[in-house]
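Report on the following structure.
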Amino acid sequence: WLLTGWRLPRSIAAAALCAVALGTFVFLLPRNELWAPPPSETEQAQPSVAREDLFHLQAELLEYRLAELQPERPGVEDLYFIGVAPYGLQDTFASELGVVKRLMDERFDTGGRSLVLVNHPATLHEQPLATATNLRSAIERIAAGINTEEDVLFLFLTTHGTEEHELVFELPPLQLQQLTPTALARVLNDSGIRWKVVVISACFSGGFIEPLKDDHTLIVTAADDLHQSFGCEYDSDFTWFSKAYFDQALRRTFSFTEAFGPARAAIAEREKGRGLAASNPQMYVGAAMKEKLESLARRLAAQGAAQPSIRAGL
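Heads up, the sequence shown is in this note's numbering, so the first residue is 115 and it goes up one at a time.
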């Protein structure tokens with residue numbers, strides 16, 4: 115109107131065309147918002163593995179943590195602990211692993227012989243990433259430094275599980291390999307470690323039992339191969355299985371097998387009270403492993419009796 119003067123039909127048509135074009139762009143075409151709230155202080159402070167310094171730090175962290183491990187003691191059935199929390203999109207698994215590691219170090223004599231692999235922004239400065247490659251490296255290095263005929267490896271994994279029996283490893287923007295029963299069995303077999311305890315807190319984790327079982331292994335899973343386990347919501351600090359098995363049952367016994375019965379019963383009662391399908395936790399004990407675990411429990415009980423301050427603290 116300002117440039118060409120008012121021409122009623124043409125001006126109305128041009129205004130209508132402009133409105134249609136604007137509406138199309140605004141309401142129909144995908145776009146980034148023109149205005150967005152600034153990131154919160156928490157979001158701004160959240161570290162990311164995409165940061166160059168943190169990315170290159172990871173290899174050093176793994177070497178540093180492995181170098182910290184104390185050597186095995188001749189004539190002592192040493193217990194070595196590896197804890198893995200590979201799902202980095204929520205706090206649940208990293209929080210749970212922290213409690214489990216403290217329990218193992220203080221009550222089960224893994225202090226100085228424990229290692230954690232964690233996918234979580236808050237631990238990128240301190241702990242190695244939980245990847246299938248790092249897990250293999252950790253198991254191989256521990257195997258190289260222990261008496262594989264005498265000492266015991268305790269491997270604990272806590273994450274989401276799939277119906278295809280894969281354990282979920284995730285920390286964006288990395289594209290991580292998922293862990294299958296076959297892959298884990300291969301890593302453990304190749305390591306040469308004879309005595310093994312494998313505890314998996316994940317949905318459908320019973321699918322790991324068949325590929326992993328042998329005479330020298332104890333396997334405990336939060337569910338059978340067909341059902342979900344519970345407590346892995348975003349606002350949870352503990353999965354139901356780990357709460358019952360580690361934070362309750364294993365504070366009252368030094369036997370990894372005796373703890374399973376009370377933990378399973380507590381989980382079943384909780385599931386029944388919520389009207390949920392039973393997760394049906396599973397345990398497999400190899401024939402030779404049963405005697406080995408009894409010997410280990412006797413040593414830990416005797417050591418615990420000599421350290422009342424630790425037991426009282428728990």
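Backbone N, C-alpha and C fix where the C-beta goes; we use that ideal spot for every residue, glycine too. For clarity, every value in this text was computed on a predicted model and none was experimentally measured.
Going by beta carbon distance, what residues of the same chain come within less than 7 Å of I381, once the five residues before and after it are set aside? Taken in chain order, the residues that qualify are W354, F355, A358, S393, P395.
Rounded Cβ spacing between L326 and L298 (contact assumed at less than 8 Å): 7 Å
Just the C-alpha distance for L288 and E405, rounded to the nearest angstrom, thanks. 43 Å
Could you tell me the boundaries of the beta strand (DSSP E) in which L267 lies? 266–272
Q160 and P235: beta carbons closer than 8 Å? yes
Where does the unbroken alpha helix (DSSP H) through T296 begin, and where does it stop? 295–305
Nearest to R365 by CA position, among D338, Q172, A415, is which residue? A415
If you run the structure through DSSP and keep just helix, strand and coil, what is S125? S125 falls in the helix class under three-state DSSP.
DSSP three-state call for G320: helix, strand or coil? helix
If I follow the unbroken alpha helix (DSSP H) through Y178, where does it start and stop? 166–182
Specify whether the stretch 265–282 and the stretch 190–198 touch according to this definition: at least 3 beta carbon pairs, one from each stretch, less than 8 Å apart. yes
Looking at the ligand COA, does it come within less than 7 Å of L229, judged from the CB to the closest heavy atom? The ligand COA is absent from the structure shown, which contains no ligands of any kind.
To the nearest angstrom, report how far apart V334 and T237 are at their CA atoms. 27 Å
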